[in-house]
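Under this note's numbering, the first residue of the sequence shown carries the number 1, and numbering increases by one thereafter.
C-beta: ideal position from N, C-alpha, C; glycine also.
Reviewing the structure listed below.
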Amino acid sequence: MTTKETLKEVTGRKNFGPNHALMTTPQPCVMIATWNKDHTPDVMMAAWAGQYDYNQIVISLSKHKTTENLELTGAFTVSFADERTVAESDYFGLVSGNKVPDKVAKVGFTVTPSPNVDAPIINEYPLTLECRVVSWNNGVLIGEIVNMSADESILTDGKVDLGKLRPIVFDAAANTYRAIGEVVGQAWGSGKKFNE
Numbered sequence: 001m002t003t004k005e006t007l008k009e010v011t012g013r014k015n016f017g018p019n020h021a022l023m024t025t026p027q028p029c030v031m032i033a034t035w036n037k038d039h040t041p042d043v044m045m046a047a048w049a050g051q052y053d054y055n056q057i058v059i060s061l062s063k064h065k066t067t068e069n070l071e072l073t074g075a076f077t078v079s080f081a082d083e084r085t086v087a088e089s090d091y092f093g094l095v096s097g098n099k100v101p102d103k104v105a106k107v108g109f110t111v112t113p114s115p116n117v118d119a120p121i122i123n124e125y126p127l128t129l130e131c132r133v134v135s136w137n138n139g140v141l142i143g144e145i146v147n148m149s150a151d152e153s154i155l156t157d158g159k160v161d162l163g164k165l166r167p168i169v170f171d172a173a174a175n176t177y178r179a180i181g182e183v184v185g186q187a188w189g190s191g192k193k194f195n196e
């Protein structure tokens, strides 16, 4: 649609136009961790991310310290901010790694080198994806998920339990973070009543 076109009103609704932040709300708060040149860890928060394929993740990124590190190592980890780590995670999104060289130490977090890719695992995040860069073009990062590891504290019957993890999402409309975890229905089950 060109800027000369006028939007038509949708009956019973309010129009916001095509470039409103709510288009993909809620947005997961993913934490991307990489190694700096001096092997100190860097981490940033990104909200425009999602699963791209069964074993791939896609993240929209502009030029950052993180993207410089991706070009050096070809690897990164993705963790999920949770209710317990709201302040630290928000800080990682507020402050550039170019200005604060070791943001991880500043908030008191610790790392373990990933045994599978050349990137740090932030220990305080209980769920982490270890990834290799597949491509990074025009601000779109695609990563191959090599491994997913989870702390036992967020597992139920050997599976990740979002009720225990309590990941946060970014609510662009209200500029807030919201926790998720409550079960409201059964996938491939709740709609079966319409088959009767």
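Whole-angstrom distance between residue j and residue i, CA atom to CA atom
i      : j      : result
Val86  : Val160 : 20 angstroms
Ala71  : Cys131 : According to the sequence provided, residue 71 is Glu. The question's Ala does not apply to it. In a straight line, the C-alpha of Glu71 is about 13 angstroms away from that of Cys131.
Ile142 : Val58  : 5 angstroms
His64  : Met44  : 9 angstroms
Asn138 : Trp48  : 14 angstroms
Gly17  : Asn116 : 44 angstroms
Ser204 : Val10  : The first residue shown for the chain is 1 and the last is 196, placing residue 204 beyond what the model contains.
Pro126 : Asp38  : 26 angstroms
Ile32  : Phe76  : 7 angstroms
Same chain, Cβ closer than 7 angstroms to residue i, neighbours up to 5 away in sequence not counted
i      : result
Val111 : Pro41, Val104, Pro120, Ile121, Ile122, Asn123
Thr176 : none
Val107 : Glu88, Tyr91
Residue burial classification, residue i (beta-carbon count within 10 angstroms, cutoff 16)
i      : result
Asn98  : exposed
Ala46  : buried
Phe194 : exposed
Glu5   : exposed
Thr66  : buried
Ser62  : exposed
Pro28  : buried
Thr34  : buried
Chain-order list of residues whose beta-carbon lies under 6 angstroms from that of residue i (same chain, five-residue window excluded)
i      : result
Gly181 : Leu162, Gly163, Arg166
Met1   : With a pLDDT of only 46 at Met1, under the threshold of 50, the placement of this residue in the model should not be trusted; the figure read from the coordinates follows. Same-chain partners within the cutoff: there are none.
Ser149 : Thr128
Asp102 : Thr40
Asn147 : Asn116, Glu130
Phe109 : Ile122, Glu124
Residue i - partner residues in DSSP beta bridges
i     : result
Thr11 : In the DSSP output, where bridge partners are listed per residue, Thr11 has none listed.
Phe80 : Val30
Gly50 : Val58
Close-in-space but distant-in-sequence residues of the same chain around residue i (CB under 8 angstroms, 5 per side omitted)
i     : result
Gly74 : Asp118, Arg132, Val133
- Message: Quick check on the DSSP output: what are the complete alpha helix (DSSP H) runs of length 4 or more inside the stretch 104 to 182, in order along the chain?
- Response: 162 to 165
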